[in-house]
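Quick mapping for you: the protein sequence lines, in order, are chains A and B.
Per our numbering, the very first residue in the first sequence carries number 1; after that it's consecutive.
Per our numbering, the very first residue in the second sequence carries number 1; after that it's consecutive.
What follows is a set of notes on a single structure, which appears directly below.
2 protein chains.
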Amino acid sequence: MRPRVAPSPDLSSSLSACIARRGLKSTRQRQAILGAFLASSGHVTVVDLLARARAADPGVSPATVYRTLRLLAECGLAKPQRFHGSPTMYEIVAGREHHDHLVCTRCGRVVEFEDARIERLQTAVARARGFTVTSHRMELYGLCRLCRPARPGRKAGSAGRRSRAKRR
Amino acid sequence: MRPRVAPSPDLSSSLSACIARRGLKSTRQRQAILGAFLASSGHVTVVDLLARARAADPGVSPATVYRTLRLLAECGLAKPQRFHGSPTMYEIVAGREHHDHLVCTRCGRVVEFEDARIERLQTAVARARGFTVTSHRMELYGLCRLCRPARPGRKAGSAGRRSRAKRR
DNA sequence: CTGAGTGCAAATTATTTGCATCTAC
DNA sequence: GTAGATGCAAATAATTTGCACTCAG
Chain A
1 MRPRVAPSPD LSSSLSACIA RRGLKSTRQR QAILGAFLAS SGHVTVVDLL ARARAADPGV
61 SPATVYRTLR LLAECGLAKP QRFHGSPTMY EIVAGREHHD HLVCTRCGRV VEFEDARIER
121 LQTAVARARG FTVTSHRMEL YGLCRLCRPA RPGRKAGSAG RRSRAKRR
Chain B
1 MRPRVAPSPD LSSSLSACIA RRGLKSTRQR QAILGAFLAS SGHVTVVDLL ARARAADPGV
61 SPATVYRTLR LLAECGLAKP QRFHGSPTMY EIVAGREHHD HLVCTRCGRV VEFEDARIER
121 LQTAVARARG FTVTSHRMEL YGLCRLCRPA RPGRKAGSAG RRSRAKRR
């Protein structure tokens, strides 16, 4: 429903720039895949992306999707994310800063967030253990507003994990 | 060097209990694998575990290691962890509470930690976005004390990621 | 004895790669 | 025209599974 990520044309030009800079070529397939990627909600699987790209251009092979995603990642436009048990998802990196994820274990919805307080504590905790942190990942799994049952007196047990709903 | 996790005999009995409860059998291979698992530093790959188990009993196949690890996980004694780019590691769950991980990107060392302040913030952040958190994962990647170069004026860039050293 | 467990090899799943062909520049 | 790109199929890598055989209880 709501457009979570504005399909900024900046990314297209970023890719063009990165392609030009490296002496690479702009092809029909790459356009289709990039288009499908940008039109996505921000997090797509390879399978999803292949289907979407094929809608625009039937002659796109899985291998090219993988190769293009790697290219996008190298250009800093996409980032692979491996959530819990689901296949690798690629997210749009629109020059945005680092962020972490809330993942609904029922509907699969992914919400991004960032919290400076947590980041500070992470750095502090690591330093206390002799580590210099260069990166981190944090994922919170649970039920989103829509999937949460309305029952008031819920136990916090390990119950809530249903199989994710697939959206394709 | 230092014994990170005491090879508590409790776990052996826990497994026995879980095996008995389910009407399963205690076999030579399972003993070897459990022994190797408990003798580990707390985080092992399947490859590692297979090698260690074979030291005790050469007739252990990979399939049995996988099957036994699944059994251990179902009994609540082991937990699979997928760190950054490394193969799945299994960690000993000695009835210990939840914890998160510091991972050295150079030597592969894994240090566990827990921080109530961070956990509280996680819950709060999630609630603010309409999520009820049931679980989470957090990994901090960086250099441990031993691997950190002594240079004072380091840049925080994306430099630090070398390939992990394997220990086998 | 008998059902659970095991080894092996084949099957799966996710992804990469070699190669002949094609095409953007 | 040529280096880079693509499709296909074969190759990897990690893990699971079918099946005949073995063994713990």
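Where a beta carbon is used, it is the ideal one built from N, C-alpha and C, also for glycine.
The structure displayed is predicted, hence computed values, not measured ones.
Within-8 Å CB hit, residue i to chain B
i              : result
C144 (chain A) : yes
A150 (chain A) : no
A126 (chain A) : yes
L121 (chain A) : yes
C18 (chain A)  : no
Proximal residues of chain A, C-beta to C-beta of residue i below 7 Å
i              : result
R129 (chain B) : L102, V111, F113
Residue i: contacting residues in chain A (beta-carbon distance under 9 Å)
i              : result
V133 (chain B) : L102, L140, Y141, G142, L143
T105 (chain B) : T134, S135
Burial state of residue i, where buried means 16 or more other Cβ atoms lie within 10 Å
i              : result
G108 (chain A) : buried
L69 (chain A)  : buried
H99 (chain A)  : exposed
R52 (chain A)  : buried
Y169 (chain B) : The requested residue 169 (chain B) does not occur in the structure, where chain B is confined to residues 1 to 168.
S14 (chain A)  : buried
G23 (chain A)  : exposed
G142 (chain A) : buried
T132 (chain B) : buried
A150 (chain B) : exposed
A17 (chain A)  : exposed
E74 (chain A)  : exposed
D48 (chain B)  : buried
R120 (chain A) : exposed
Y91 (chain B)  : In the sequence as displayed, the identity of residue 91 (chain B) is Glu instead of Tyr. E91 (chain B) should be labelled buried.
L34 (chain B)  : buried
R106 (chain A) : buried
H43 (chain A)  : buried
S40 (chain A)  : buried
A55 (chain A)  : exposed
Proximal residues of chain B, C-beta to C-beta of residue i below 9 Å
i              : result
H136 (chain A) : M138, E139, L140, Y141, G142
Beta-carbon neighbours of residue i, restricted to chain B and to distances below 8 Å
i             : result
R82 (chain A) : R82
For residue i, the three-state DSSP class (helix, strand or coil)
i              : result
E74 (chain A)  : helix
T123 (chain B) : helix
R115 (chain B) : Residue identity check: residue 115 (chain B) is Asp in the sequence provided, not Arg. Reduced to three states, the DSSP call for D115 (chain B) is coil.
R28 (chain B)  : helix
R164 (chain A) : The predicted position of R164 (chain A) is uncertain, since its pLDDT is 43 and thus under 50; a value taken from the coordinates is nonetheless stated next. If DSSP states are grouped into helix, strand and coil, R164 (chain A) belongs with coil.
D100 (chain A) : strand
R47 (chain B)  : One point to set straight first is that residue 47 (chain B) is Val, not Arg, in the sequence displayed. Helix.
T88 (chain B)  : coil
P62 (chain A)  : helix
L146 (chain A) : coil
S12 (chain B)  : helix
R137 (chain B) : strand
T68 (chain B)  : helix
Contacts that residue i makes with chain A (C-beta to C-beta distance below 8 Å)
i              : result
R117 (chain B) : L121
8 Å Cβ cutoff, residue i in contact with chain A
i             : result
G95 (chain B) : no
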